Structures are given as C-alpha cells and as structure tokens.
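Peer 1: Going by our numbering, the sequence shown opens with residue 95, and the numbers climb by one from there. Structure below; questions to follow.
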Amino acid sequence: MTWQQCAAGWRDRESRSRSGLDGRGFHGFQEETGGGGGSEKVACGLAVDSPRVAQPAAVHSFRYSGKELFCENVSLSALAKRHGTPLYVYSQATLSDHFTKLDQALAPVPHLVCFAMKSNSNLGVIRTLAGLGSGFDTVSAGEIQRVIAAGGDPRRCVFAGVGKTEEEIAFGLRNDIYSFNVESEAELRRISRVALKLKKIAPVAVRVNPNIDAGTHAKITTGTYENKFGIAFEEIEGVYARAARLPNLRLRGLQMHIGSQLTDVTPFRKAVEKVVPLVERLNRKHGFDFFSIGGGIGIVYNPALASGDPAWWHTAAGRKVLTPERYAATLIPLLQPLGLKILLEPGRFITGNAGALLTRVEFIKKTGRKNFVIVDAAMNDLIRPAFYDSYHEIVPLVKKSGATVSSDVVGPICESGDYFAKDRPLPKVGEGDFLALLSAGAYGAVMGSTYNSRPLAAEVLVNGSRSAVVRERQPVEEIWRNEKTAPWQTARPGRGKSGR
Ligand code: LLP
C-alpha cells in the first residue's frame, strides 16, 4: 500500500461519515478486485503518520513494480486486457491526495475548493471529490446535472462561462447554486430578469480580468485583454454599481482566473496583489461573502512517471515545481486580511496526473525517415498534443530492455495532426504491446469526440486493489443513434443501372 493510499483510505472514511453522502441518489459501480495480483506489490515510500515527513506536491500512483506498470495496486496490462483499449484509468488515491493537499494548504483561511469539473467530469471522479467535501466549478447546466447525478451538492457549485442561456440560469437558480460567475453586463441583466421571473434572489460574482499575463500557452491564457473572459479591471466598480440597482441580485463576491497550467507562482501573486484592494473596496460597498482566485495550478508533465516517486521532489527539478504549500504561503498573507471566504477552482492539479490513457500498438511502420508506432488511441480520445502541442510521457505497460528508437506515436485518424509524440526516444515496441500516455486525467476524456465514428473510450477508476468501470465503452451504434435520414430519403438507395 502506498502512503497516499493509506492517507486516502483514512480520509475517505472520515469524509464519508462527515458528508453523509453514502448511498444518496447514487448507483454504485460494478466493482472488480485484483487486476493482476498486484496487491501490496507497490512499495510504501513514506509513513503517513509521521508529521516530520515533508509531503511532495503531486505524487501520483502510477509506477512499475518489477516489469509491470501499476495504478495503485492494479496491473494496467490486466485492465487493458480485460476492458480493451483505448482505456482511461484514474487513481482514486491520487485524486483524494491532491484535493486534500490543496485543501490543507488553504486551511489558514476560510475557503472552498471548487473542483473545475471541465477537466474531468466522470461521475466516479465527481463522487470521489464530493465525498471529500469539494465544491464544483461548473460551466453548463449539464455539469451541474452531473454533480447532482454523482451525489454532489449543487449548493456548492459555482457556474461560470461567457454564454449562459436563460434555461441554464433558471436551472442554476432552481438548484440554489452558490454563485453565478458573471462575464458581462448583458449576462447580469439576463440573470436578474430570470431571477425576477422565478421569484428567486440570484447570487452573483463578476469575473474581473486583471490583465496579467499568465505566461502559459496562448490557448489557455485567459487573464489578459486579448481574450473574451471577464470584465476589464478598470470597469469593474462601475459594473457593480449598476448591478446593485438591478432587481433580485445578491452581489456575493468577485471572481478571477488568469489561465491554466501555471508553473510559477508570480502571475498568481501579481494578480492577487492587484485585485485585493479592489475586493476590499467592493466588499465595503456590497458586503461580499467570497473572493474566488480561480484555478490554474500547473502539474508536472515531464518527467511524468519519475514525479510519482517522492524522491524526485528532492531533485533540482522537483524543488522548482509549484506546490500547494508555496502557492498558499505566497497568497494567504495577501488574502487573509480580506476576512472573506476564498474560493479556488483547480482542475488539472487534482485530475491531471491521476489519469493515464492506455493504448495498444497496432502496427509499426518504418519509412525512410521515421519509425511510426501506430496505436489504437487517437486525437479523438486525447486531443491535447494535436491542439496545444502538449507533451504526454509514453511508457510501455511491460518494461522493455535494450536501446530506444526515435519514434512518432500516431493514431489511426486521417489527419496528420493525429499524433501523440514526434521523434520521441521510445523502447522498441511491437504489435500488440500496450502503452500508457501519462498525465492524461485532465482535459483528456472530457475533450473526447467521435470523429471518424470512433466510439468514446471506456474509463476505469482504481482504488487500492479494486477497479471499476466508471464509463462503459460507447457502443458504436450509439454514435448515430440520434441521426436519421430525411423523409424524402425513405426508399433504400437503388444501385443504379451500372451499380453493383
Ligand atoms: N476556472 C476557470 C474560470 C477556468 O476557465 C478554468 C479552466 C479553470 C478554473 C480550471 O483551470 P485548471 O486548474 O484546470 O488549470 N483544455 C486545456 C485547458 C483549458 C482550461 C480552461 N479553463 C488543456 O488541455 O490544457
């Protein structure tokens, strides 16, 4: 048993009894045990109960035991064989561990961690976090419905996004969500109108755009005036003054989010330093409950596997990583004087390296220049490399010895963007071998599509020596279940004179 599992098991029991979530509106998973006889094979590196042990930031539960790659105590080859590939696998211990680390780091201030479920909205994941007392950062009525379906509490949901429809607003109001995170004045007016109609008071927080560059990938930077999010820092006070005159609104707080996958605390500090005085002024006028500082804490993508070992965190590279402790130590002194509840919206930090995508090698294709490893997962299963040029470490489920080969790992989709790695030194693999794409727990399955009529992958949740399917592989007919031919197409197409 790993130390995270020890810790998570204890916390699970504690929080379940605290939250009373067991058995409420939730159908349990079909559970399997074993998964390859890996029980107790994974060494326990640290003792949980020793307060002197500094806990690394984002250790995860994927590691080799002998030649076999395990998630917690379950063999990943066994899962790949049993459930087929492509297959997402999540570690419950890692999810719990990351949530708890952040939650504990924020302990000196009243706070609510609202998990950004856009990063991974599987019911099993939501259920794990709801059981730990998490709130949820949602961006659609669908996501709020998922929270409810997983046994979570909609009153711990914030609802963000630039394009909320009237129906979605009404849904949020009927379910008494904690706050609407508002992105425009038009939206404030719309929320007020819908609330008036439903005879409800809508709790709102406006999203301030602090115009701080997060220094991250352009497609995931949100806090500068180049993008569509929030309201400019200079305009916020006027917006609140006008909002205060709208009926049925309760100005409950202020929200910001500057971007995703931030690996340095400086942009967070700059944004908080800039916005805190604004929160103070607004709070004096409007009587706030909270200030949300958004999500965005980055994770280690490279080296992914090595960073699962607590020892790696003591290397030069490991010591540089942004930890919840450093994040909290920098921001808490700035936030504490506000005396408000602090909301956080982490997604990737909690789910990113809690998940892997398993895939099978279909063919090796050697050309004059390249060694293509053609796998059965594709950009429809994990789009991040195609979309953001992102790096996912790739390792075989059964360790290989010998020299590495520079390889392109590609999927079967008819697009040259359908790749997972280019010119990557990989062990020599062959047809039928299984590979894991690591750090795929965030923005993986949720961004999946059925492009090329490829069914959505199955998902499995691991907990110690147990594993359960938390999403069945999509049956292929389901892809076109809601399609039909047009009425004038009822006759079966003839084969024509020359047809065969
Ligand atoms: N709060 C707001 C308002 C957000 O827009 C986001 C992410 C988060 C919280 C959570 O951010 P996180 O803690 O996960 O960094 N698909 C991209 C990431 C898109 C992030 C969108 N917003 C990727 O795969 O890297």
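The beta-carbon is built from N, C-alpha and C at its ideal position, and this holds for glycine as well. These numbers come from a predicted model, not from an experiment.
1. Return the chain-ordered list of same chain residues with a C-beta closer than 8 angstroms to the C-beta of Arg-157, the five sequence neighbours on each side being excluded.
2. Rounded to a whole number of angstroms, what is the C-alpha to C-alpha distance between Ala-326 and Arg-339?
3. Use the C-beta contact count for Lys-258: other C-beta atoms within 10 angstroms, 16 or more gives buried, fewer gives exposed.
4. Do Leu-531 and His-486 have their C-beta atoms within less than 7 angstroms of each other?
5. How long is the line joining the alpha carbons of His-192 and Gly-227, rounded to whole angstroms?
6. Quick check on Val-276: does DSSP put it in helix, strand or coil?
7. Compute every distance between the C-beta of Ala-254 and the non-hydrogen atoms of the ligand LLP, then say whether any falls below 6 angstroms.
8. Alpha carbon to alpha carbon, what distance is there between Arg-240 and Leu-217?
9. If you check the beta carbons only, do Ser-286 and Asn-342 fall under 7 angstroms apart?
10. In whole angstroms, give me the CA-to-CA distance for Arg-524 and Val-455.
11. From which residue to which residue does the beta strand (DSSP E) around Pro-490 run?
12. When burial is assigned at 16 or more other CB atoms within 10 Å of the CB, is Cys-508 buried or exposed?
13. Tyr-182 to Met-473, Cα distance in whole Å?
14. Cα-Cα, which of Tyr-482, Lys-522, Pro-479 is closest to Ala-497?
15. Which value, in whole angstroms, describes the spacing of the CA atoms of Leu-200 and Phe-253?
16. As a quick exercise: from Gly-347, Val-233, Glu-419, pick the residue whose alpha carbon is nearest that of Tyr-334.
17. Is it true that the region 425-443 meets the region 171-191, where meeting means three or more beta-carbon pairs spaced less than 8 angstroms apart?
18. Would you give the residue range spanned by the beta strand (DSSP E) that His-205 belongs to?
19. By a C-beta neighbour count over all protein chains shown, 10 Å radius and 16 as the cutoff for buried, is Asn-303 buried or exposed?
20. Pick helix, strand or coil for Glu-88, following the three-state DSSP scheme.
21. Is any heavy atom of the ligand LLP found at a distance shorter than 6 angstroms from the C-beta of Glu-374?
22. Can you round the beta-carbon distance between Leu-434 and Phe-385 to whole angstroms, since I take them to be within the 8 angstroms contact cut?
23. Could you spell out the range, first to last residue, of the beta strand (DSSP E) harbouring Gln-239?
Peer 2: Well, looking at it:
1. Position 63 of the sequence shown, counted from the start, is the residue given in the question as residue 157. Correct list, in chain order: Val-136, Leu-163, Phe-164, Leu-399, Gly-402, Asp-403.
2. On the sequence shown, residue 326 is found 232 positions in, with the first residue counted as 1. On the sequence shown, residue 339 is found 245 positions in, with the first residue counted as 1. Rounded to the nearest angstrom, the two C-alpha atoms are 20 angstroms apart.
3. Within the sequence shown, numbered from 1, the residue matching residue 258 stands at position 164. It is buried - the Cβ of Lys-258 has at least 16 other Cβ atoms within 10 Å.
4. Translated into positions along the sequence shown, residue 531 becomes position 437. Translated into positions along the sequence shown, residue 486 becomes position 392. Yes, Cβ-Cβ distance for Leu-531 and His-486 is below 7 angstroms.
5. Here residue 192 corresponds to residue number 98 of the sequence shown, with the count starting at 1. Here residue 227 corresponds to residue number 133 of the sequence shown, with the count starting at 1. Going from the Cα of His-192 to the Cα of Gly-227 covers about 13 angstroms.
6. Position 182 of the sequence shown, counted from the start, is the residue given in the question as residue 276. Reduced to three states, the DSSP call for Val-276 is strand.
7. In the sequence shown, counting from the first residue as 1, residue 254 sits at position 160. Under cutoff, so the answer is yes.
8. In the sequence shown, counting from the first residue as 1, residue 217 sits at position 123. In the sequence shown, counting from the first residue as 1, residue 240 sits at position 146. Their Cα atoms are separated by approximately 7 angstroms.
9. As a first step, residue 286 must be located in the sequence shown, where it is residue number 192. As a first step, residue 342 must be located in the sequence shown, where it is residue number 248. Their beta carbons are under 7 angstroms apart, which means Ser-286 touches Asn-342 by this criterion.
10. Start at 1 with the first residue of the sequence shown, and residue 524 comes out as number 430. Start at 1 with the first residue of the sequence shown, and residue 455 comes out as number 361. According to the sequence as given, residue 524 is Gly; it is not Arg. Those two C-alpha atoms are separated by around 7 angstroms.
11. Counting from one through the sequence shown, the residue named residue 490 turns up at place 396. Unbroken beta strand (DSSP E) run through Pro-490: 488-490.
12. The count along the sequence shown starts at 1 and reaches residue 508 at position 414. Exposed, since its Cβ has fewer than 16 Cβ neighbours within 10 Å.
13. Taking the first residue of the sequence shown as 1, we reach residue 182 at position 88. Taking the first residue of the sequence shown as 1, we reach residue 473 at position 379. Near 14 angstroms, if we compare the C-alpha coordinates of Met-473 and Tyr-182.
14. For the purposes of this step, residue 497 is identified with residue 403 of the sequence shown, where counting begins at 1. Taking only the C-alpha atoms, the option nearest Ala-497 is Lys-522.
15. The residue you call residue 200 lines up with position 106 of the sequence shown. The residue you call residue 253 lines up with position 159 of the sequence shown. If you take the alpha carbons of Leu-200 and Phe-253, they lie about 22 angstroms apart.
16. Walking along the sequence shown from the start, residue 334 turns up at place 240. It is Gly-347 whose Cα lies nearest to the Cα of Tyr-334.
17. no
18. Position 111 of the sequence shown, counting from 1, holds the residue named residue 205. First-last of the beta strand (DSSP E) with His-205: 205-210.
19. What you label residue 303 is simply residue 209 of the sequence shown in a count that begins at 1. Label assigned to Asn-303: buried.
20. The chain is shown only over 95 to 594; residue 88 falls outside these bounds and no answer can be derived.
21. Walking along the sequence shown from the start, residue 374 turns up at place 280. Not under cutoff, so the answer is no.
22. Reading the sequence shown from its first residue, position 340 is the one you call residue 434. Reading the sequence shown from its first residue, position 291 is the one you call residue 385. That pair is a contact at about 5 angstroms.
23. Within the sequence shown, residue 239 is the residue found at index 145, counting from 1. It is not in any beta strand (DSSP E) - Gln-239 instead sits in the alpha helix (DSSP H) that spans 235-243.
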